[in-house]
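Here the sequence shown stands for residues 2 to 180, numbered as in this note's numbering.
Virtual Cβ for every residue (Gly too), placed ideally from N, Cα, C.
Worksheet: one structure, shown below.
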Amino acid sequence: MKKSILSIKSLFVIGALSIFSCNSDDGIKCPEPLTGELSATETAFTGTWNLVAMESDVALDLTNDDEDNPSTDLFNQYSDCDRDLEYHFMADRTLVYRQGYLADECNNKLTFDGTWSLSGNNLTLVANCASQQISIETNAEEDQYSYDVILQFRDVNGAQKTAEVTFTFEKATVDEQPV
């Protein structure tokens with residue numbers, strides 16, 4: 002039960018981007034990779050962004066810990082491996098998504114490559130033969146962005162619940178950027 006969202010293709014975005022794959026003979030036309038020079042806003046957005054929060058508008062108990070302890074803080078109900086989620090937005094417009102690579106002893110590592118663009122509050126990701134546009138909000142310092150999505154959960158008791166979840170990502174400092 003603990004992995005009810007993150008292990009079901011990680012996030013809303015991952016579900017949209019990784020469910021589809023195509024080859025040249027399946028009749029599906031994949032979206033073209035995003036290209037072109039970055040805008041000043043996009044250049045400032047480049048870097049590594051780590052998942053730091055998942056807040057629900059409904060208190061949920063997703064942990065099988067023999068306690069009735071529903072919470073709106075979903076992030077702390079997941080394992081280190083499930084919370085270890087990062088996007089690398091590169092200056093050449095490529096992106097790399099990784100989950101489970103920094104936390105210790107993660108067995109279900111997930112990665113994909115793609116391209117990205119940011120226009121106003123619309124973050125567009127193209128990967129795995131799919132394109133996804135997300136409306137994001139940034140904080141005043143522009144070192145965090147978040148987006149909301151409606152998701153279905155199955156709580157620890159097996160009840161299915163619908164919740165609006167806010168995913169928040171924080172930009173890694175230069176010292177925290179991967180080499």
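What separation, rounded to the nearest whole angstrom, lies between the Cα atoms of residue i and residue j?
i: F154; j: Y102; result: 25 Å
i: N65; j: I151; result: 23 Å
i: A54; j: D114; result: 23 Å
i: A45; j: A131; result: 25 Å
i: D144; j: K172; result: 5 Å
i: Y98; j: L111; result: 8 Å
i: A60; j: A160; result: 13 Å
i: E43; j: D69; result: 44 Å
i: I29; j: E38; result: 28 Å
In this structure, does DSSP put residue i in helix, strand or coil?
i: R155; result: strand
i: A128; result: strand
i: T44; result: helix
i: R94; result: coil
i: D83; result: helix
i: N51; result: strand
i: N77; result: helix
Going by beta carbon distance, what residues of the same chain come within less than 7 Å of residue i, once the five residues before and after it are set aside?
i: P34; result: T116, V127
i: A164; result: S57, D58, V59, L61, L152, F154
When you compare each of the options to residue i by their alpha carbons, which one comes out closest?
i: N109; options: L86, E143, S40, A173; result: L86
i: D67; options: V157, T174, K172, K162; result: V157
i: V175; options: R84, D83, H89, P71; result: H89
i: N51; options: R84, N129, L61; result: R84
i: A104; options: M91, C82, S118, N122; result: C82
i: L96; options: C107, S118, K30; result: S118
i: Q193; options: L124, A92, E38; result: Residue 193 lies beyond the stretch modelled for the chain, which goes from 2 to 180, so this question has no answer here.
Going by beta carbon distance, what residues of the same chain come within less than 8 Å of residue i, once the five residues before and after it are set aside?
i: T36; result: R94, T116
Could you round the C-beta distance between residue i and residue j to whole angstroms and report it? I think they count as a contact, below 8 Å.
i: S147; j: T169; result: 4 Å
Ordered along the chain, which non-local residues of its own chain (more than five positions away) have a Cβ less than 6 Å from that of residue i?
i: E138; result: S147
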